[in-house]
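Novice:
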Amino acid sequence: MTKGVAGIGKTVLIQKFTLDWAEGKANQDIQLTLPFSFKELNLVKDKKFSLVELIHHFFTEVKEAGIHSFEDFQVLFILDGLDESRLPLDFQNSPILTDATESSSVDALLTNLIRGKLLPSSLLWITTRPAAANQIPADCVDLVTEVRGFTDPQKEEYFRKRFADKEQASRIISHIKASRSLHIMCHIPNFCWIIASVLDFVLQNGEEAELPTTLTEMYIQYLVVQMKVKKVKYDRRAETDSQWDAESSQMIESLGKLAFDQLQKGNLIFYESDLTECGIDIRAASAYSGVLTQIFRENRGLYQDNMFCFVHLSVQEFLAALYVHLSFKKSGVDLLNEENETQWLCFFTNMPDLASFHKGAVDKALKSPNGHMDLFLRFLLGLSLQTNETNLKGLLPKPRSDSQANDETIKYIKKKISENTSAEKSINLFYCLRELNDCSLVNEIQQYLSSGQVCAGKLLLSPQQWSALVFVLLSSEEDLDIFDLKKYFASEEALMWLLPVVKASKKVLLCECNLSDQSCKALSSFLGSESSSLVELDLSNNDLQDSGVMSLSAGLQSPNCKLETLSLSGCMIAEEGCISLADALVSNPSHLKKLDLTYNHPGDLGMQRLRAACHDPNSKLQDLKYGLKIKVY
1 MTKGVAGIGK TVLIQKFTLD WAEGKANQDI QLTLPFSFKE LNLVKDKKFS
51 LVELIHHFFT EVKEAGIHSF EDFQVLFILD GLDESRLPLD FQNSPILTDA
101 TESSSVDALL TNLIRGKLLP SSLLWITTRP AAANQIPADC VDLVTEVRGF
151 TDPQKEEYFR KRFADKEQAS RIISHIKASR SLHIMCHIPN FCWIIASVLD
201 FVLQNGEEAE LPTTLTEMYI QYLVVQMKVK KVKYDRRAET DSQWDAESSQ
251 MIESLGKLAF DQLQKGNLIF YESDLTECGI DIRAASAYSG VLTQIFRENR
301 GLYQDNMFCF VHLSVQEFLA ALYVHLSFKK SGVDLLNEEN ETQWLCFFTN
351 MPDLASFHKG AVDKALKSPN GHMDLFLRFL LGLSLQTNET NLKGLLPKPR
401 SDSQANDETI KYIKKKISEN TSAEKSINLF YCLRELNDCS LVNEIQQYLS
451 SGQVCAGKLL LSPQQWSALV FVLLSSEEDL DIFDLKKYFA SEEALMWLLP
501 VVKASKKVLL CECNLSDQSC KALSSFLGSE SSSLVELDLS NNDLQDSGVM
551 SLSAGLQSPN CKLETLSLSG CMIAEEGCIS LADALVSNPS HLKKLDLTYN
601 HPGDLGMQRL RAACHDPNSK LQDLKYGLKI KVY
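In this text, residue positions in the sequence shown follow full-length UniProt numbering: the first is 1, and each later residue adds one.
1) Quick check: what's the CA-CA separation for L433 versus D374?
2) How would you write the range of the beta strand (DSSP E) that Y626 sits in, first residue to last?
3) Smallest Cα separation from F379: which of N337, L313 and N420?
4) Under the three-state reduction of DSSP, which class applies to Y323: helix, strand or coil?
5) Pop quiz: R148 and H187 are said to be a contact at Cβ under 8 Å. What is the actual Cβ separation, rounded to whole angstroms?
6) Just checking, does the region 193–203 make contact with the region 215–230 on the three C-beta pairs under 8 Å criterion?
7) Quick check: the Cα distance between E389 and N437, rounded to an integer number of angstroms?
8) Just to confirm the assignment: which complete beta strand (DSSP E) runs, minimum length 3, are found wholly within the region 395–438?
9) Going by C-alpha to C-alpha distance, which of D281, D538, K166 and S525 sits closest to C561?
10) For the region 55–141, list the beta strand (DSSP E) runs that are entirely contained and at least 3 residues long, ordered along the chain.
11) When DSSP labels each residue in this structure, what does P602 get in the three-state scheme?
12) State the DSSP-derived secondary structure class of M185, mapped to helix, strand or coil.
13) Can you confirm whether the region 56–63 touches the region 100–118 when touching is taken to mean that 3 or more C-beta pairs between the two stretches lie within less than 8 Å?
14) Please state whether the Cβ-Cβ distance between K506 and D481 is less than 8 Å.
15) According to the neighbour-count rule (16 or more other Cβ atoms, all chains shown, within 10 Å of its Cβ), is L143 buried or exposed?
16) Tell me which residues share the same chain as L292 and place their Cβ nearer than 6 Å to its Cβ, disregarding the 5 neighbours each side in the sequence.
17) Using DSSP's beta-bridge definition, name the partner residues of E146.
18) So, for H175: in the same chain, excluding its five sequence neighbours on each side, which residues have a beta-carbon less than 6 Å away from its beta-carbon?
19) Below 8 Å on the Cβ atoms is my guess for G81 versus S37; work out the distance and round it to an integer in Å.
20) Less than 8 Å between the C-beta atoms of S104 and P95, yes or no?
21) Measure the C-alpha to C-alpha separation of A259 and H372 and round it to an integer number of angstroms.
22) Once DSSP output is grouped into helix, strand and coil, what is the label at S467?
23) Work out the CA separation of Q464 and K414 for me, nearest whole Å.
24) Once DSSP output is grouped into helix, strand and coil, what is the label at K620?
25) Three Cβ pairs or more, each shorter than 8 Å: is that satisfied between the region 165–172 and the region 22–38?
26) Please report how far the alpha carbon of N443 lies from the alpha carbon of S551, in whole angstroms.
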């Protein structure tokens, strides 16, 4: 399984793999590669096929070649875009199929293919966004990889290639680096493309043009650019004419409704019936897909039913937020509140309560188990700024100052940050404050950092300040290759607050930080996390004892653990703890190369089990240190 956020390059990776295979450049042990996409499988979800018939339906070349049996071939099935699936993949109740010529529903064919019941000798590769990965049972997945997108040097390389003018490219790169929220988002290739099209257009309109600095500003400009392109290219009107005529306004509002409705359902791909439900004429949509290619794209496959999607999930989230904002501004209706209490409040007071509307949105986003509303919330709050409403003049009602309501929203967000026991959950709230042009908490902690008060451990931080410190460290331009807790506070409380930073770091130094077995429980969950970057961990000279190391061993056993070096010198570990470490090494022998257990008390049985684990033919362990001497295996 390959995971990655929307627009990161999963489908391009599949296409490159398939092309290299077809041209004989790689993977020639595979005789047949069959790339399916869930958005196309959705179109036949109500039909019945055998597996052979399904293959012939999508790959007529295979049928024409007379291939009706696949047992004698090394076949690779690629299922691209699990997150776009509308198939009920029921692994518990799906009927068992072992015959590739037996007819059944498409979802039953896929569940049996994934389970290994159909064509068990075949290979399977699934791509998905992280949020949908749990649809596949863990025991069906042998290997998980992640597409992480552009590194910082690759971001710069992209813009230098995109803009031939070196001076212009340098200005754009400097601008993006100055806005950390934009720079962080640029790890997504699709976002780089969006931002490049906006900045190119803005700079063409004047050297002194003000460049967007927040995500909301960037996407408003993106929408404006697309409308101007439509106006000039298709409506034959001057660029200076207002882009928000009645037709354009209605279409954007309808697209916003489509974006919101489908976002609520978790859909990235939609069909003609979905458009019709939102009052979008298919012909008008086709015209817009030819004009607004960066916003709305029409895909035509082998089927009569057309598929539609926004060019990127973030565009769908922006239009959804715009639609919710428009609905509230025009009629006082809160689409996020099922009871629509705000609508009645507006009816009686004739004054939309923007602060209450925003507070409800913040609460709803915080309750999301997977953060699927995070970007939507940032856009929704950012749209309330008067400067942003002015840029949408003609689409929105007459802009008016909502500064008092926004001040109340800012106070509420800060309150939520202080209430959160997890700094990780607060990170998006800091991005929300940035969209509202409030950086007071971040500026405060940056002043403390520059004065040396935080690094010297002289400051008692509030929950708000701890969360701000996490946000500052994670959004810093400096790479988090090495994180040393003693630079801040050598305490267990500090570690618990700074766990998101630990998770993002490659080498973590926690030696002599007054940690206990409680720290090991938290670290264990990170060791077993697929998103963890940790390869080296130093816990030396902490009173972890056997209980702590046993917790740590649970994380080491995870197949997701990438740790290569672990230092546990002087941690009061006895025989029981060393046995648990040995068991972890046997369970997951493929990563750990160095283990330091000097100044502990492993006992005879503990050492015996550790030596046995070292001599396991699958073990990667090269250096084992214990006692006062170094033993190399």
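We put the CB at the ideal spot given by N, CA and C, even for glycine.
Specialist: Short version:
1) For L433 and D374, the distance between alpha carbons rounds to 12 Å.
2) That run of the beta strand (DSSP E) goes D623 to G627.
3) The alpha carbon of F379 has as its nearest neighbour, out of N337, L313 and N420, the alpha carbon of L313.
4) For Y323, the secondary structure class from DSSP, reduced to helix, strand or coil, is helix.
5) That belief holds up - the Cβ atoms of R148 and H187 are roughly 7 Å apart, short of 8 Å.
6) The region 193–203 makes contact with the region 215–230; the number of CB pairs closer than 8 Å reaches 3 or more.
7) Cα-Cα distance, rounded: 14 Å.
8) Note on the region 395–438: there is no whole beta strand (DSSP E) run with a minimum of 3 residues.
9) Put simply, of D281, D538, K166 and S525 the residue whose alpha carbon is nearest the alpha carbon of C561 is S525.
10) Restricted to the region 55–141, the beta strand (DSSP E) segments that are unbroken, complete and at least 3 residues in length are 75–80 and 123–128, listed in chain order.
11) Collapsing the DSSP output to three states places P602 in coil.
12) In this structure, M185 counts as helix in the three-state DSSP scheme.
13) As far as the Cβ criterion goes, the region 100–118 does not touch the region 56–63, which means the pair count is below three.
14) Contact: yes.
15) Exposed is the call here.
16) For L292, the predicted structure reports a pLDDT of 48, less than 50, and the residue's modelled location is therefore unreliable. The matter cannot be settled from this model.
17) Answer by DSSP bridge pairing, in chain order: K3.
18) Non-local C-beta neighbours of H175 in its own chain, meaning closer than 6 Å and more than five positions away in sequence, comprise L211, ordered along the chain.
19) Correct: roughly 6 Å between the Cβ atoms.
20) With respect to P95, S104 sits close: the two C-beta atoms are nearer than 8 Å.
21) Roughly 14 Å separates the two Cα atoms.
22) S467: helix per DSSP, three-state reduction.
23) One C-alpha to the other measures close to 7 Å.
24) The three-state reading of DSSP puts K620 in coil, since its state is none of H, G, I, E or B.
25) Contact between the region 165–172 and the region 22–38 is absent, because fewer than three Cβ pairs lie under 8 Å.
26) Those two C-alpha atoms are separated by around 38 Å.
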